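One structure below.
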Amino acid sequence: MTVQESPASAFDRATMQRCLELARTAIGRTAPNPLVGSVIVNQGNVIGEGFHPQAGEPHAEVFALRQAGDRARGATLYVNLEPCSHTGRTPPCAEAIIQAGLARVVVGMVDPNPLVAGQGIARLRQAGIEVHVGIEATDCQTLNEAFIHRMQHHQPFGIFKYAMTLDGKIAASTGHSHWITSPTARQKVHQLRASCDAVIVGGNTVRQDNPHLTTHDQAGSNPLRVVMSRSLDLPTDANLWHTAVAPTIVLTESGANSEVKAALLKQAVEVIELPDLTPQSVMAQLYDRGCLSVLWECGGTLAATAMQQACIHKVWAFIAPKIIGGSGGFTPVGDMGLSQMTEALPITRLNIQSIGPDFLLEGYLPVENPVINDPIP
Ligand SMILES: NC(=O)c1ccc[n+]([C@@H]2O[C@H](COP(=O)([O-])OP(=O)(O)OC[C@H]3O[C@@H](n4cnc5c(N)ncnc54)[C@H](OP(=O)(O)O)[C@@H]3O)[C@@H](O)[C@H]2O)c1
Ligand SMILES: [Zn+2]
34 MTVQESPASA
44 FDRATMQRCL
54 ELARTAIGRT
64 APNPLVGSVI
74 VNQGNVIGEG
84 FHPQAGEPHA
94 EVFALRQAGD
104 RARGATLYVN
114 LEPCSHTGRT
124 PPCAEAIIQA
134 GLARVVVGMV
144 DPNPLVAGQG
154 IARLRQAGIE
164 VHVGIEATDC
174 QTLNEAFIHR
184 MQHHQPFGIF
194 KYAMTLDGKI
204 AASTGHSHWI
214 TSPTARQKVH
224 QLRASCDAVI
234 VGGNTVRQDN
244 PHLTTHDQAG
254 SNPLRVVMSR
264 SLDLPTDANL
274 WHTAVAPTIV
284 LTESGANSEV
294 KAALLKQAVE
304 VIELPDLTPQ
314 SVMAQLYDRG
324 CLSVLWECGG
334 TLAATAMQQA
344 CIHKVWAFIA
354 PKIIGGSGGF
364 TPVGDMGLSQ
374 MTEALPITRL
384 NIQSIGPDFL
394 LEGYLPVENP
404 VINDPIP
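To convert, note that position 265 of the sequence shown is 298 in the working numbering; the numbers rise steadily by one, no gaps.
In C-alpha cells form, the structure reads like this:
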C-alpha cells in the first residue's frame, strides 16, 4: 500500500482509526491523561506504533518514534491528539518529532489542555513539517470526551448507569433488584466500569444490594469505589470493604458514626469527612484525585441530586423487556423539583443497541458550556 499525498485520504483515516485502537488499549488506566495512540508510516509501511499506557509513562509518539528509529526521517506520524509542546512529566513530543525528521504529521484533534491548545501544531509547522488536523475528529473527540470535559469544565465527566424494567423500575417495591437485566448485559456493565476511573453509590445501595462494583476480571482495571453516606449507618461487613480487590473510599460528613468509621479504617477503607457532602463536593474531590470519568451507579435519590447539580453528563440506561409494576419510588431518577413536562432534561445524540434480550440506550445531557473544539485549519 502506498501513502496518498492528499490530505485526509482513506489511508489517513484508516491509520487514524488504528491510532484510536492503540489508544483504547489503555482505557481506564491513563487518568488524568488522555487516551493516545500513534502510528508512523514510511512509504506505505507501518514502521512504528505506540500508545500512552499511563500517567508518568512516555507519550504514544515516543513509543512509535522509538520503534521507527532512523526510518522515521521523512515519514508521516499519525496521532489522535495534538503532540504536546510543554515539558510535563516527560519532554515535549513536538520537539522529539522535529528531531526525528518527520516530514508530515496527521493529527486527530487539537489538545484542549490550555498548556498545549494549538501550540504543538504551531511548533511543528514552524519547523517546516506539513501538518493536517481534524482527521476522524468526531471519533477522536468521543474517545477522549472525559478528558475534554475535565479540561474545559474542571470537573470529571459524569456518567449515570442504571438498569430498569420496561415500566421504569430499578427495583421491586420491596427494594429487591437482583437481577433486572441478563448476564450478557451485566457483563457489558463490567466492561463499561473498566473504562471509568471511579464508581459512586449511596449508603442505601450498600445496605440494600451489597454490590462489588468491580469489573469481575473482565479486561481492564477496577475503578476506585466511592460511597456517599451522610449517616455512616453502614454494615461493617460488606463486599466494598474488601480493599485487596479494589480501593474504596467513603465520603461522609464530619462527626458521623465513629464506630463504623473505625471499623472501615481497620479494613483499609479510606474515610473522608467533608463539611458539606454533595455530588458537587464529591466530584471536586475526584477531580483533585485526577479522575477523568466517574460512573454514578446509585439509586434514584442520589441520582436526582447529582443531576440537579450538573454532575451527570451522559446516561447509560439498560432496559429489560419485563414489567414489575408497583407504585413505590424505585425509579431511576427521584424528584428533581420539575413540574412541567416542558422542563424535562433532553437527552441527545442517542445510540441504542441490543445486548442479549436487553437494550442499552446511550445519550448525553445538556452541558452548560458545550464542547467546542474547532480543528485548526
Ligand atoms: N437498578 C439499578 O440500576 C440500581 C442501581 C442502584 C441502586 N438501585 C436500587 O436503588 C435503591 C436505593 O435507592 P437510593 O436512591 O436510596 O440510592 P442510594 O444510591 O443509596 O442513594 C441514597 C443515599 O445516598 C446517601 N447520600 C449522601 N449524600 C447524599 C446527598 N447529598 N443526597 C442524597 N443522598 C445522599 C445517603 O446515604 P445514607 O443514608 O447512608 O446517609 C442516601 O441514603 C436500592 O433498592 C437499590 O437496589 C438500583
Ligand atoms: Zn507528548
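From the three backbone atoms N, C-alpha and C, an ideal C-beta is built for every residue, glycine too. Note that the structure is predicted; figures quoted are calculated from it, not measured.
* Asked: What number of angstroms, rounded off, separates the C-alpha of G208 from the C-alpha of A295?
  -> Taking the sequence shown and counting its residues from 1, the one referred to as residue 208 is at position 175. Taking the sequence shown and counting its residues from 1, the one referred to as residue 295 is at position 262. So the alpha carbons of these two residues sit roughly 29 Å apart.
* To do: Specify the secondary structure class of A279 as computed by DSSP and reduced to three states.
  => Along the sequence shown, read from residue 1 onward, the residue named residue 279 stands at position 246. Correct three-state label for A279: coil.
* Compute the minimum distance between the beta carbon of P147 and the heavy atoms of ligand 2, and state whether it is under 7 Å. => The residue given as residue 147 occupies position 114 in the sequence shown. False, no ligand heavy atom lies under 7 Å from that Cβ.
* To do: Quick one: residues in its chain with C-beta nearer than 6 Å to the C-beta of A51, no 5 flanking neighbours on either side, listed in chain order?
  => Locating residue 51 in the sequence shown gives position 18, where the first residue counts as 1. At residue 51 the sequence reads Arg, which differs from the Ala that was named. So the qualifying residues of the chain are V72.
* Count the other CB atoms within 10 Å of the CB of W6; is the residue buried (16 or more) or exposed (fewer)? -> What is shown of the chain runs 34 to 410, which leaves residue 6 out entirely.
* To do: Go ahead and label S228 buried or exposed: buried means 16 or more other beta carbons lie within 10 angstroms of its beta carbon, across all protein chains shown.
  => Position 195 of the sequence shown holds residue 228. So S228 ends up on the buried side.
* Indicate the three-state DSSP secondary structure (helix, strand or coil) for H223 in the structure shown. => Counted from its first residue, the sequence shown places residue 223 at position 190. Helix.
* Helix, strand or coil for V95, going by three-state DSSP, please let me know. => If you number the sequence shown from 1, residue 95 lands on position 62. The answer is helix: DSSP assigns V95 an H, G or I state.
* Asked: Distance, Cα to Cα, S210 vs V234?
  -> Position 177 of the sequence shown, counted from the first residue, corresponds to residue 210. Position 201 of the sequence shown, counted from the first residue, corresponds to residue 234. S210 and V234: Cα-Cα distance of roughly 15 Å.
* Give a single yes or no on whether L298 has its beta carbon closer than 7 Å to a heavy atom of ligand 1. => Against the sequence shown, residue 298 aligns to sequence position 265. For ligand 1, not one heavy atom lies less than 7 Å from the Cβ of L298.
* Residues of its chain near H249, where Cβ-Cβ distance is below 6 Å and the 5 sequence neighbours each way are ignored -> Stepping through the sequence shown from its first residue, residue 249 is reached at position 216. Counting only Cβ-Cβ distances below 6 Å, and skipping sequence neighbours, we find H223.
* Same chain only: Cβ atoms within 7 Å of N243, ignoring 5 sequence neighbours per side -> Residue 243 sits at position 210 when you count from the first residue of the sequence shown. Result list for N243: A271, N272, in chain order.
* Please report the residue range of the alpha helix (DSSP H) in which M184 lies. => Position 151 of the sequence shown holds residue 184. The continuous alpha helix (DSSP H) containing M184 extends over residues 178-186.
* Tell me whether H187 is buried or exposed, calling it buried when 16 or more other Cβ atoms sit within 10 Å of its Cβ. => Here residue 187 corresponds to residue number 154 of the sequence shown, with the count starting at 1. By the 10 Å Cβ count, H187 comes out exposed.
* To do: Give a yes or no on contact between the stretch 359-373 and the stretch 191-207, applying the rule of three or more CB pairs nearer than 8 Å.
  => The stretch 359-373 vs the stretch 191-207: in contact.
* Asked: Which partner residues does D391 have in the DSSP bridge list?
  -> Taking the sequence shown and counting its residues from 1, the one referred to as residue 391 is at position 358. D391 is bridged to I388.
* To do: Give the secondary structure of T123 by DSSP, where H, G and I count as helix, E and B as strand, and everything else as coil.
  => Within the sequence shown, numbered from 1, the residue matching residue 123 stands at position 90. Look at T123 here: in three-state DSSP terms it is coil, with no helix or strand label.
* To do: Following the continuous beta strand (DSSP E) through E292, name the residue where it begins and the one where it ends.
  => Here residue 292 refers to the residue found at position 259 when the sequence shown is read from its first residue. Element bounds for E292: not the beta strand (DSSP E) but the alpha helix (DSSP H), 291-299.
* When burial is assigned at 16 or more other CB atoms within 10 Å of the CB, is G5 buried or exposed? -> Since the first residue of the chain shown is 34 and the last is 410, residue 5 is not available in this structure.
* Asked: Within 10 angstroms of its Cβ, does A277 collect 16 or more other Cβ (buried), or is it exposed?
  -> The residue you call residue 277 lines up with position 244 of the sequence shown. A277 is exposed by the Cβ-count criterion.
* beta-carbon P116 near ligand 2 non-hydrogen atom, thresh 7 Å -> Reading the sequence shown from its first residue, position 83 is the one you call residue 116. Within the cutoff, so yes.
* Asked: What do you reckon, is the C-beta of E94 under 7 Å from a heavy atom of ligand 2?
  -> In the sequence shown, residue 94 corresponds to position 61, counting from 1. It does: the Cβ of E94 is within 7 Å (strictly closer) of some heavy atom of ligand 2.
* What are the start and end residues of the beta strand (DSSP E) that includes R156? -> The residue given as residue 156 occupies position 123 in the sequence shown. Not the beta strand (DSSP E): R156 falls in the alpha helix (DSSP H), residues 152-159.
* Outcome for P147 when other beta-carbon atoms lying within 10 angstroms are tallied against a minimum of 16 -> Working through the sequence shown from its first residue, we reach residue 147 at position 114. With a 10 Å radius around the Cβ and a threshold of 16 neighbouring Cβ atoms, P147 comes out exposed.
* Asked: How long is the line joining the alpha carbons of V79 and Q185, rounded to whole angstroms?
  -> Here the question's residue 79 lines up with position 46 in the sequence shown. Here the question's residue 185 lines up with position 152 in the sequence shown. Looking at the two C-alpha atoms, the distance is approximately 34 Å.
* Using the Cα positions of R122 and T63, report the straight-line distance between them to the nearest angstrom. => Here the question's residue 122 lines up with position 89 in the sequence shown. Here the question's residue 63 lines up with position 30 in the sequence shown. Using only the alpha carbons, I get a separation of about 14 Å.
* To do: Using only alpha-carbon positions, find the residue among P86, A136, F96 that is nearest to R106.
  => Looking up residue 106 in the sequence shown gives position 73. When only C-alpha atoms are compared, the closest one is A136.
* To do: Compare the beta carbon distance of G89 and S254 with 8 Å and say whether it is the shorter of the two.
  => Sequence index remark: in the sequence shown, residue 89 carries index 56 (1-based). Sequence index remark: in the sequence shown, residue 254 carries index 221 (1-based). No; because the gap between Cβ atoms is not below 8 Å, this pair is not in contact.
* To do: Starting from G70, trace the beta strand (DSSP E) both ways and give me its first and last residue.
  => Here the question's residue 70 lines up with position 37 in the sequence shown. Counted as a single uninterrupted DSSP element, the beta strand (DSSP E) harbouring G70 occupies residues 70-75.
* Asked: Does DSSP put A231 in a helix, a strand or coil?
  -> By 1-based counting over the sequence shown, the position of residue 231 is 198. Reduced to three states, the DSSP call for A231 is strand.
* To the nearest angstrom, report how far apart L393 and G70 are at their CA atoms. => As a working note, residue 393 is residue 360 in the sequence shown. As a working note, residue 70 is residue 37 in the sequence shown. Going by C-alpha positions, L393 is about 28 Å away from G70.
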